[in-house]
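Accompanying notes for the structure given below.
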Ligand code: ADP
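Residue numbers (the numbering used here): 1030 to 1428.
And the structure:
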């Protein structure tokens, strides 16, 4: 019997999962997959340990009504039936918001769940789904060890100034601060940097996590110094559907002059803005790249313009730049976006090798570049699996 760790990343319309065999040595991925289209047309896809897509007959049937609450029991049943010889010993969850006190992953208890519940308004698109998945697992397999790994934890190394808004002090004291997100991805990239950069890994590095959600993190000594996302995951870069940085006066104007409700504005900022809002076509970068309309191209140009502005601001927090890393769906796959961003950074000494970039090489900077530019695929699941194993072995919860 192989002991295994199940990693869950539950979103509003998708559930990503991975199973890691927990032997004596490294964690081996046995299976990874995704259920997308939850609530509309659920589709299950999975790849085996060799990265081969599993065929239809190996996959569980899902009817159109399969909702969030049914999925996890179905997934657990399917794992039991199809992963012969594997026993799930613990489940690790990606949890978007850990608030200001959780700088490390934590064992899930009723008290922790209640605390994390109180943070849902700060991440309304993610946190409720993360917590629902925890409850579903607890209901399906009572007593199973569960661990929460927070996207905010990686940024708790930041100085106070990097976390502070220029708001009245009492608000900062009650927790209205810049938390930052995508920490599991940054943690993974930070762990890989020495293999690519040697001693430079501990220098001045910016990681650009460019996916449906997008942010950047400035690191020194592979620790977060500053990041583009703030109190919520709305801040910073242009995203698929989210607006990124916005003059707060716009929100006041929408409330006071246009008569929009707080709910209307929330929907607009989280779901109808970003690439989708500017293009009026799609939130998907690949779709926009294939679309020659002026609106699609303007959305892409704005994405790159804002990315370079943010990057330059972050570079100033670490006193310059030794290396730039692109990761996540857009960062790993779009040569055009990488080129457009790097071309705007030539004044900093960034020079990419067009062939390496088009070929999605790991190192895309050219020989004349003062700054190493890398493309490194992220792996948030393995960060969760490692932390879950560590906490399960020690049995000790953290703060
Ligand atoms: P998430 O995990 O937040 O759903 P991803 O990291 O998977 O997001 O990134 C999704 C984004 O990556 C989408 O905008 C998608 O269009 C983009 N993307 C993926 N492949 C490509 C590609 N070949 N060219 C351009 N964009 C791509």
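In this text, a Cβ means the ideal position worked out from N, Cα and C, and glycines have one as well.
| Check | Outcome |
| --- | --- |
| Per DSSP, which one or two residues make a beta bridge with residue 1179? | 1124 |
| So what's residue 1272 in DSSP terms, helix, strand or just coil? | coil |
| In chain order, what are the residues with a CB under 6 Å from some non-hydrogen atom of the ligand ADP? | 1240, 1241, 1242, 1269, 1313, 1314, 1315, 1318, 1357, 1358, 1359, 1362 and 1363 |
| Name the DSSP bridge partner or partners of residue 1058? | 1049 |
| Identify the continuous alpha helix (DSSP H) that holds residue 1159 and give its terminal residues. | 1156-1169 |
| Which residue from 1342, 1249, 1211 and 1245 puts its Cα closest to that of residue 1228? | 1249 |
| Judging by CA-CA distance, which residue of 1187, 1374, 1031 and 1395 is the nearest neighbour of residue 1384? | 1395 |
| For residue 1129, does the count of other Cβ atoms within 10 angstroms reach 16, so buried, or fall short, so exposed? | exposed |
| Flag this pair as yes or no: are the beta carbons of residue 1259 and residue 1267 separated by less than 7 Å? | no |
| Which one or two residues does DSSP pair with residue 1238 in a beta bridge? | 1244 and 1356 |
| Going by DSSP in three states, residue 1401 sits in which element: helix, strand or coil? | strand |
| Give the DSSP-derived three-state secondary structure of residue 1382 in the structure shown. | coil |
| In the DSSP assignment, what are the bridge partners of residue 1206? | DSSP, once it has assigned bridges, lists no residue as partnering residue 1206. |
| According to the neighbour-count rule (16 or more other Cβ atoms, all chains shown, within 10 Å of its Cβ), is residue 1411 buried or exposed? | buried |
| Could you have a look at residue 1036 and say whether DSSP puts it in helix, strand or coil? | strand |
| Since residue 1077 is in the beta strand (DSSP E), which residue starts that stretch and which ends it? | 1072-1077 |
| Return yes when the Cβ of residue 1245 is within less than 7 Å of the Cβ of residue 1116, no when it is not. | no |
| Provide the residue span of the beta strand (DSSP E) that contains residue 1390, from first to last. | That residue, residue 1390, is in no beta strand (DSSP E); it is neither H nor E in DSSP. |
| Pull the bridge partners of residue 1117 from the DSSP assignment, please. | 1033 |
| Which residues does DSSP list as the beta-bridge partners of residue 1290? | Residue 1290 pairs with nothing; no bridge assigned. |
| Who are the near neighbours of residue 1247 in its chain, counting only those whose CB is closer than 8 Å to its CB and skipping five residues on each side? | 1233, 1234, 1235, 1253, 1254, 1255, 1256, 1343, 1344, 1346 and 1347 |
| Around the C-beta of residue 1178, are 16 or more other C-beta atoms found within 10 angstroms, so that it is buried, or is it exposed? | buried |
| My assumption, with CB atoms under 8 Å, is that residue 1069 sits in contact with residue 1043. Please give the rounded CB distance. | So it is not a contact: roughly 11 Å between Cβ atoms. |
| Report yes if the CB atom of residue 1319 is closer than 7 Å to the CB atom of residue 1304, and no otherwise. | no |
| Do you know how far the Cα of residue 1106 is from the Cα of residue 1286? | 53 Å |
| How many angstroms separate the CA atom of residue 1190 from the CA atom of residue 1081? | 47 Å |
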